[in-house]
Amino acid sequence: MIAKILLIIMAFGIQVLSTQAETIVVNPGQDLNSVINSAKGGNTILVKPGTYSQVKLVEKSFTEHKPLIVRADGSGAVIIAGNNFEKGSALELNKCSFIVFEGITFTNATWGIYVKSSSNIILLNNEIYDTGQEGCHIGRSSKYVDVIGNKIHNTGKFNPKWGEGVYVGSGSYRSVNFPDNCEYIWIEGNHIYETGNAEAVNVKSECFHVTVRNNKIHDIRPGTSEQFNQAAITVEGGENSLKNNYRLNEKRDVWIENNTIENVLGGYSDWNNGIMFFGTGVYILNNIIKNCNNRGIYGNNWKNLGHQNYVYKNTVSDCGQNVVIHPELKVTESNPGRNPHSPQKWYSNL
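Take 899 as the starting number for the sequence shown in this note's numbering and just add one per residue.
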């Protein structure tokens, strides 16, 4: 009988320890980077208000059923800050999978968040500001990355020409292996403004199945004399794909829908456009665009891959020219139907 009671007590104790291990509370003064790097699949890390040093995760792979959740907890800001605008990321995820960061502020680094060679990442309801370059860079052939409900602003403090709010892929391959083939990227419900002299959202031509949806974008000043940022949202032409004969017969399948874009003014030359695309297989649907100095929607023929594009039911007003489409682009104004893609479904807070 005593042995049975001891076994029950031991089993209960193990269960309590297991339950406690699933939730880890981090307070100011603790090493958040160390705690996160020591976490196991299924852990939820609750971070109390305060300022913490930058976080870097490398080769931390979890699963759909046992992901790693890092979430702000309590009233007041949880801030992860780098050392300065000129170096590093406030958060870097490299070769990681099934990780969520929610409700956290990232600031004072070259990149607010940099996702490299990772998959199944969710960035939810965070704030990114005061970065040297991009707010959030998704690159190195990352797959299934959701950027949802974030506030991204005042980027490009060190290099304004590279201050994109959300940047997907690579425009240059001097330090990155070709192709930087990011796929299934979902960018929704973000508030993006004041992004240096760069776009709010920039999608490069080796990226496929990207959705940019329901974002509020305003006060964008794109372009410099040495950098061709030419709109609030740009889906790039196929320059590097053409050079490398890369998947030229496949449409890039980028959906730009239900966004609100206002006040694209004061950038370089005539580059103050709302949405710009280049014939790579883009769907531009149901956007509201107003007060762009130059063009509301601009279909550019540069490095055109020759794919069908859709421009349907957008509301454009108070722009220098509301809609300008190059005659050699394949564009239809009919309804293409529903976007076949969706956000990831494994995280219950979505």
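Each residue gets a CB set at the ideal place from its N, CA and C atoms; glycine is no exception. Just so you know, these numbers come straight off a predicted model, no measurement behind them.
Per DSSP, cross-strand counterpart(s) of residue i
i     : result
I1011 : L989 and C1034
C1190 : V1162
H1089 : K1049 and K1114
A1130 : Answer is none; A1130 lacks a bridge partner.
F1004 : I978 and I1026
N1100 : Y1065 and T1132
I1019 : I997 and V1043
V885  : The requested residue 885 does not occur in the structure, where the chain is confined to residues 899 to 1248.
V1074 : The partner list for V1074 (beta bridge, DSSP) is empty, contrary to what the question assumes.
T942  : T921 and I967
I1223 : G1197
G1172 : G1172 is not bridged to any residue.
F1056 : F1056 pairs with nothing; no bridge assigned.
L955  : L991
Of the listed residues the options, nearest to residue i (C-alpha basis)
i     : options                       : result
Y1208 : S1240, T1008 and S1232        : S1232
K1211 : I1223, P1077 and N1184        : N1184
E1160 : G1179, L930 and I1118         : I1118
I1182 : N1189, C1190, I1173 and K1188 : I1173
K1228 : S1215, S1246, W1244 and N1198 : N1198
C1217 : H1239, G1194, I1223 and R1236 : G1194
P1238 : D1151, G1179, F1176 and V1222 : D1151
H1107 : E1081, G1094, E1124 and T1005 : E1081
K946  : Q952, V923, I1223 and K954    : V923
G1069 : N1052, T1053, I1050 and H1035 : H1035
W1244 : I967, N925, L989 and G948     : I967
L1248 : V1074, N1023, Q952 and E1097  : N1023
T1053 : E990, I1131, T1122 and G1030  : G1030
D971  : V933, I943 and F983           : I943
S1073 : N1057, G1037, C1105 and P1058 : G1037
G1136 : E1104, T1003 and A1129        : E1104
N1171 : K985, N935 and I1186          : I1186
H1116 : T1178, S1167, E1124 and C1190 : C1190
A975  : G1121, N982, L1203 and T1005  : T1005
H1051 : K1014, W1009, T1230 and K1149 : W1009
E1124 : L1021, K1059 and L1140        : K1059
E1155 : G1164, N1112 and D1028        : N1112
G1165 : Y1196, T1093 and R1145        : T1093
S1246 : T921, P965, Y950 and G948     : P965
G1177 : T1213, V1221, E1226 and S1215 : E1226
N1202 : N1192, T1230 and L1146        : L1146
K1114 : T1122, K1188 and S1167        : K1188
W1200 : N1220, T1132 and T1230        : T1132
Environment of residue i [buried if 16+ CB atoms lie within 10 Å]
i     : result
P1241 : buried
E1134 : buried
G1067 : buried
A919  : In this prediction, A919 has a pLDDT of 45, which is less than 50 and means its spatial position is unreliable; what the coordinates show is noted afterwards. It counts as exposed.
T961  : exposed
I912  : Confidence in I912 is poor, its pLDDT being 35 and thus under 50, which makes the residue's placement unreliable; the coordinate value appears in the next sentence. By the 10 Å Cβ count, I912 comes out exposed.
D929  : exposed
S1040 : buried
G1235 : exposed
K938  : exposed
H963  : exposed
E1148 : exposed
T921  : exposed
I1011 : buried
M908  : At M908 the pLDDT is 41, less than 50, meaning the model places this residue with poor confidence; the figure from the coordinates comes in the next sentence. Answer is exposed; the Cβ neighbour count stays below 16.
N982  : exposed
Expected contact under 8 Å - CB spacing of residue i and residue j to nearest Å
i     : j     : result
I997  : I978  : Going by Cβ atoms, the distance from I997 to I978 rounds to 14 Å, so no, they are not a contact pair.
E1032 : Y1065 : 5 Å
F1076 : N1138 : 7 Å
N1127 : W1169 : 7 Å
V1110 : W1153 : 7 Å
A1007 : G1061 : The pair is not a contact, with the Cβ atoms about 13 Å apart (cut-off 8 Å).
N1057 : I1026 : So it is not a contact: roughly 16 Å between Cβ atoms.
P1120 : V1162 : 7 Å
Q952  : G986  : 6 Å
N993  : S1015 : Inspection of the sequence shows that residue 993 is occupied by Lys rather than by Asn. Confirmed, Cβ separation roughly 5 Å.
K954  : E990  : 5 Å
Y1196 : V1222 : 5 Å
G1001 : A988  : The Cβ separation is near 14 Å, so there is no contact.
heavy atom of the ligand FAD below 6 Å from residue i C-beta
i     : result
N1185 : The model depicted lacks the ligand FAD and carries no ligand whatsoever.
Are at least three pairs of beta-carbons, each pair with one atom in the segment 1077-1088 and one in the segment 1036-1044, less than 8 Å apart?
yes
Below 8 Å, how does it come out for the segment 984-1000 and the segment 947-965: are there three or more Cβ pairs, yes or no?
yes
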